[in-house]
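Accompanying notes for the structure given below.
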Amino acid sequence: MKILLIRPGALGDTILTLPVIDAIRSKHPDSEITLLGSSQFSFLLPQDIRTVSYESREWAWIFEASPCHNLPSKTDIDVAYVVLKNSNTVVRNLHNAGIPTIVASSSPQEGVSLVQTLCRRLCLPDPQRKAWLEQFQTKRKYNRLWVAPGSGSRKKNAPIALFSEAVRVIREHHDVELVVTLGESDRWFLDDEDFVGFTKGSNAKTIHDSSLQNIMLTCCNSVLYIGNDSGASHLAAALNIPAILFFTVTDPQVWGPFAPTKNLLFQRVTGRHIIGSREHEDLLRRIAGFATKHISESNTRYFRSNLS
Numbered sequence: 002m003k004i005l006l007i008r009p010g011a012l013g014d015t016i017l018t019l020p021v022i023d024a025i026r027s028k029h030p031d032s033e034i035t036l037l038g039s040s041q042f043s044f045l046l047p048q049d050i051r052t053v054s055y056e057s058r059e060w061a062w063i064f065e066a067s068p069c070h071n072l073p074s075k076t077d078i079d080v081a082y083v084v085l086k087n088s089n090t091v092v093r094n095l096h097n098a099g100i101p102t103i104v105a106s107s108s109p110q111e112g113v114s115l116v117q118t119l120c121r122r123l124c125l126p127d128p129q130r131k132a133w134l135e136q137f138q139t140k141r142k143y144n145r146l147w148v149a150p151g152s153g154s155r156k157k158n159a160p161i162a163l164f165s166e167a168v169r170v171i172r173e174h175h176d177v178e179l180v181v182t183l184g185e186s187d188r189w190f191l192d193d194e195d196f197v198g199f200t201k202g203s204n205a206k207t208i209h210d211s212s213l214q215n216i217m218l219t220c221c222n223s224v225l226y227i228g229n230d231s232g233a234s235h236l237a238a239a240l241n242i243p244a245i246l247f248f249t250v251t252d253p254q255v256w257g258p259f260a261p262t263k264n265l266l267f268q269r270v271t272g273r274h275i276i277g278s279r280e281h282e283d284l285l286r287r288i289a290g291f292a293t294k295h296i297s298e299s300n301t302r303y304f305r306s307n308l309s
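According to my numbering, the stretch in the sequence shown is residues 2 to 309, in order.
Here you go:
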């Protein structure tokens, strides 16, 4: 059976597509799957998944707004799973090409993980939470704290002061190297006084204008991660890195990584969050406890692996 999955999107969307692919495989074990999405992230997908850019000429007819006269005379696709916010044009063109479609709006359902919502809309089994990119890790974890203070949207960013405080409380108990990464749309941080003060004061290594592959090579074996609702956060969780995640305007139950919940500490951050308040001090205690638990577990696993 040959299946076409249409799911364009950025890094976070692509990582959240991995459990959907897993659910398709569960329902159709012997299928050949082609993902029509963002080809720049193809190296993150299982090797037997063919990835084609949604901008490729081969599939341009699918997105033609006017009734398409360039439909393929023959196609070997048995069914297309379509995940788009507005899918009418795509569904019409697929129907005219004789391809059966199963459609899921990418709009979220309140209080439910987007992954579960998409799978249910596509009549697929619920996948299990797991570290979807754990294969990119090596056995050894390094005492590295990976921090990604951006998200591609300023309104989704927690204050730099909160990141600074989180790093401070972790470093009070653990000797960790600090690596800070910025995405393409986060370059404005480089001119931000609070960010510059934070990175200089904490002796951080800052990575920007770097490929995703290089960021993964540097950070994939970090012992802990701190970030916002962002692609980097989905990446860290998929790499099985315990993650402290700040959510400002989005719901972590919907948009959080689809990873084991024991590895995730979600914190809603509102405009009322005040550094030094009782709420803030409680958060720092939770962060310190979460960090100690996971850093200790990582060190124990490494010690036992060396003994064996």
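In this text, a Cβ means the ideal position worked out from N, Cα and C, and glycines have one as well. This structure is a prediction, so every number in the text was calculated from the model and none was measured.
Alpha-carbon to alpha-carbon, residue j and residue i
{"i": "Lys142", "j": "Leu119", "result": "33 Å"}
{"i": "Ile50", "j": "Ile4", "result": "10 Å"}
{"i": "Phe190", "j": "Phe259", "result": "28 Å"}
{"i": "Gln117", "j": "Leu123", "result": "10 Å"}
{"i": "Phe64", "j": "Ile34", "result": "20 Å"}
{"i": "Tyr226", "j": "Pro150", "result": "11 Å"}
{"i": "Arg93", "j": "Asn204", "result": "55 Å"}
{"i": "Pro73", "j": "Ala98", "result": "7 Å"}
{"i": "Leu176", "j": "Gln138", "result": "Sequence inspection shows Asp at residue 176; the Leu mentioned does not correspond to that position. Whole-angstrom Cα-Cα distance: 21 Å."}
{"i": "Ala289", "j": "Gly228", "result": "15 Å"}
{"i": "Thr200", "j": "Ser299", "result": "26 Å"}
{"i": "Leu284", "j": "Pro47", "result": "37 Å"}
{"i": "Leu12", "j": "His174", "result": "33 Å"}
{"i": "Thr249", "j": "Leu213", "result": "25 Å"}
{"i": "Arg8", "j": "Gly38", "result": "5 Å"}
{"i": "Thr207", "j": "Gly232", "result": "18 Å"}
{"i": "Ser309", "j": "Val104", "result": "For Ser309, the pLDDT reaches just 43, beneath the cut-off of 50, and the residue's location in the model is therefore unreliable, leaving the point undetermined."}
{"i": "Ser186", "j": "Glu56", "result": "21 Å"}
{"i": "His235", "j": "Lys28", "result": "25 Å"}
{"i": "Leu183", "j": "Asp210", "result": "8 Å"}
{"i": "Ala162", "j": "Asp23", "result": "39 Å"}
{"i": "Leu17", "j": "Gly10", "result": "10 Å"}
{"i": "Val168", "j": "Gly202", "result": "11 Å"}
{"i": "Leu45", "j": "His281", "result": "36 Å"}
{"i": "Val21", "j": "Glu135", "result": "17 Å"}
{"i": "Ala237", "j": "Ser32", "result": "29 Å"}
{"i": "Gly257", "j": "Gln129", "result": "15 Å"}
Endpoints, the alpha helix (DSSP H) within which residue i is located
{"i": "Trp60", "result": "Run containing Trp60: none; DSSP gives neither H nor E here."}
{"i": "Phe196", "result": "194 to 202"}
{"i": "Ala237", "result": "232 to 239"}
{"i": "Ala1", "result": "Outside the shown range of the chain, which is 2 to 309, sits residue 1, and nothing can be said about it."}
{"i": "Leu218", "result": "213 to 220"}
{"i": "Ala260", "result": "Ala260 -> no alpha helix (DSSP H), and no H or E assigned at all."}
{"i": "Gly13", "result": "12 to 28"}
{"i": "His96", "result": "89 to 97"}
{"i": "Phe1", "result": "Since the first residue of the chain shown is 2 and the last is 309, residue 1 is not available in this structure."}
{"i": "Ala159", "result": "Careful: Ala159 lies outside any alpha helix (DSSP H) and carries neither H nor E."}
7 Å Cβ shell around residue i - same chain, five flanking residues per side excluded
{"i": "Asn307", "result": "Reliability of the predicted coordinates at Asn307 is poor, the pLDDT of 44 falling under 50, and the value obtained from them is presented with this limitation in mind. Nothing meets the Cβ criterion."}
{"i": "Asp192", "result": "none"}
{"i": "Leu95", "result": "Ile63, Ala81, Thr102"}
{"i": "Phe42", "result": "Leu12, Thr15"}
{"i": "Lys86", "result": "Ser106, Ser107, Ser108"}
{"i": "Asn215", "result": "none"}
{"i": "Glu59", "result": "Val53"}
{"i": "Phe164", "result": "Val148, Pro150, Phe199, Ile227"}
{"i": "Thr219", "result": "Val180, Ile208"}
Element boundaries [beta strand (DSSP E), containing residue i]
{"i": "Lys206", "result": "206 to 208"}
{"i": "Arg122", "result": "No beta strand (DSSP E) holds Arg122; the alpha helix (DSSP H) holding it covers 115 to 122."}
{"i": "Gly228", "result": "223 to 228"}
{"i": "Arg269", "result": "265 to 269"}
{"i": "Ala244", "result": "244 to 248"}
{"i": "Ile103", "result": "102 to 106"}
Contacting residues, own chain, Cβ-Cβ under 6 Å from residue i (five flanking each side not counted)
{"i": "Cys221", "result": "Phe137, Gln138, Leu240"}
{"i": "Arg305", "result": "Residue placement at Arg305 cannot be trusted, given a pLDDT of 42 that sits under 50; the coordinates are not used to answer."}
{"i": "Arg269", "result": "Phe248"}
{"i": "Ser88", "result": "Val104"}
{"i": "Ile78", "result": "Lys3, Leu5, Ile100"}
{"i": "Gln110", "result": "Thr118"}
{"i": "Pro126", "result": "Ala24, Ser27"}
One or two residues paired with residue i in a DSSP bridge
{"i": "Thr35", "result": "Leu5, Arg51"}
{"i": "Glu178", "result": "Arg145"}
Close-in-space but distant-in-sequence residues of the same chain around residue i (CB under 8 Å, 5 per side omitted)
{"i": "Val113", "result": "Gln254, Val255"}
{"i": "Ile171", "result": "Leu146, Val177, Leu225, Ile288, Ala289, Ala292"}
{"i": "His313", "result": "A question about residue 313 goes unanswered here, because the residues of the chain that appear run from 2 up to 309."}
{"i": "Phe196", "result": "Pro150, Ile161, Phe190"}
{"i": "Ser297", "result": "none"}
{"i": "Asn144", "result": "His175, Asp176, Val177, Glu178, Val224, Ile296"}
Any chain C beta carbon closer than 8 Å to residue i
{"i": "Ala233", "result": "Absent from the structure: chain C. Only one protein chain is present."}
Nearest-angstrom beta carbon gap, residue j and residue i [assumed within contact, 8 Å]
{"i": "Phe247", "j": "Ala159", "result": "4 Å"}
{"i": "Trp133", "j": "Leu19", "result": "4 Å"}
{"i": "Glu166", "j": "Ile245", "result": "With 8 Å as the limit, Glu166 and Ile245 do not qualify as a contact, their Cβ atoms being about 12 Å apart."}
{"i": "Ser107", "j": "Val91", "result": "Not really, about 12 Å apart at Cβ, beyond 8 Å."}
{"i": "Thr271", "j": "Lys157", "result": "The Cβ separation is near 13 Å, so there is no contact."}
{"i": "Ser278", "j": "Asp230", "result": "Not a contact, Cβ separation roughly 22 Å."}
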